[in-house]
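For the sequence shown, position 136 (counting from the first letter as 1) is numbered 139 according to the working numbering, and the numbering increases by one without interruption. Ideal placement from N, C-alpha and C gives every residue a C-beta, glycine not left out. Data block below; observations after.
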Amino acid sequence: MKKMALLISVICCQFVALSQEPGIYKGHIISKDLPVPGATVALLKQADSALVKLSVSNNEGAFEFTGITKANYLLLVTSVGFDSLYAVAAENENMQIKLNANAQALGSVTILAKRPLVEARLDKMIVNVDASPSNAGATALELLEKSPGISVDKDGNISLKGKQGVIVLMDGKQTYLSGQDLANMLRSMPASQLDQLEIITQPSAKYDAAGNAGILNLKTKKARTMGFNG
Numbered sequence: 004m005k006k007m008a009l010l011i012s013v014i015c016c017q018f019v020a021l022s023q024e025p026g027i028y029k030g031h032i033i034s035k036d037l038p039v040p041g042a043t044v045a046l047l048k049q050a051d052s053a054l055v056k057l058s059v060s061n062n063e064g065a066f067e068f069t070g071i072t073k074a075n076y077l078l079l080v081t082s083v084g085f086d087s088l089y090a091v092a093a094e095n096e097n098m099q100i101k102l103n104a105n106a107q108a109l110g111s112v113t114i115l116a117k118r119p120l121v122e123a124r125l126d127k128m129i130v131n132v133d134a135s136p137s138n139a140g141a142t143a144l145e146l147l148e149k150s151p152g153i154s155v156d157k158d159g160n161i162s163l164k165g166k167q168g169v170i171v172l173m174d175g176k177q178t179y180l181s182g183q184d185l186a187n188m189l190r191s192m193p194a195s196q197l198d199q200l201e202i203i204t205q206p207s208a209k210y211d212a213a214g215n216a217g218i219l220n221l222k223t224k225k226a227r228t229m230g231f232n233g
């Protein structure tokens with residue numbers, strides 16, 4: 004009887020361990036059999052639509068979320084000129100998501116006042132903080148965890164596309180903080196104080212080897228207001 008109980012316990016532990024293994028959610032965004040680069044892909048919890056992580060499709064229309072706790076998720080895909088689309092996220096499958104061109108965008112030029120959640124530029128990626136309701140009540144560190152290409156480990160170390168040694172700027176000025184000091188500072192800062200997060204994967208030469216992993220520039224609302232007034 005004891006052996007049977009032990010066996011059941013071992014099986015249960017193995018099941019729990021397997022269920023806690025991180026999953027991969029990936030796919031391609033296409034329209035009329037052509038890739039859609041620069042599309043914003045939001046991974047949402049199916050239960051309450053809370054934002055888990057963001058990604059942006061590359062030139063081949065591909066996107067990928069790695070290290071994600073296994074659960075039921077939805078994908079929200081948005082791109083300029085296309086209708087937004089929700090899809091059920093399938094783990095470890097190469098999903099093919101087809102977007103339809105927005106009829107209004109085809110017929111006329113529409114000026115939108117609302118900023119997109121993510122903007123893909125040639126030299127950087129910009130996350131507009133207020134564009135996501137899920138950032139309300141979040142910290143700056145939690146904002147980084149959700150942003151494209153950024154990972155934060157249990158000790159608060161920040162990496163960009165798997166590389167550590169990321170330089171963090173505040174309104175373009177270096178913080179000179181790292182490790183726990185940087186993590187504590189970001190934990191204490193409400194995301195509501197931020198206007199944008201700039202993600203720069205290929206820094207200019209002025210940062211030399213110190214920032215070759217990438218640069219994260221946190222732009223505050225205060226700095227934007229001062230810029231408008233000054």
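- In this structure, residue 82 keeps its C-beta atom at 8 Å or more from the C-beta atom of residue 141.
- A distance below 6 Å between beta-carbons, with the five flanking residues on each side excluded, links residue 164 to the following residues of its chain, in chain order: 152.
- Under the rule that a run must span 4 or more residues, the alpha helix (DSSP H) segments found entirely inside the stretch 123-203 read 143-149, 182-190.
- Assignment of beta-bridge partners to residue 46 by DSSP yields 56, 78.
- With a 10 Å radius around the Cβ and a threshold of 16 neighbouring Cβ atoms, residue 144 comes out buried.
- Secondary structure of residue 65 (DSSP, three-state): strand.
- A distance below 7 Å between beta-carbons, with the five flanking residues on each side excluded, links residue 175 to the following residues of its chain, in chain order: 220.
- For residue 35, the secondary structure class from DSSP, reduced to helix, strand or coil, is coil.
- Relative to residue 191, the option among 146, 37, 157 whose CA is nearest is 146.
- DSSP places residue 93 in the coil class of the three-state scheme, outside both helix and strand.
- Shown here for residue 223: same chain residues with a beta carbon closer than 8 Å to its own, the five before and five after excluded, namely 173, 174, 196, 197, 198 in chain order.
- When DSSP states are grouped into helix, strand and coil, residue 104 belongs to the strand group.
- By the neighbour-count definition (other C-beta atoms within 10 Å, threshold 16), residue 62 is an exposed residue.
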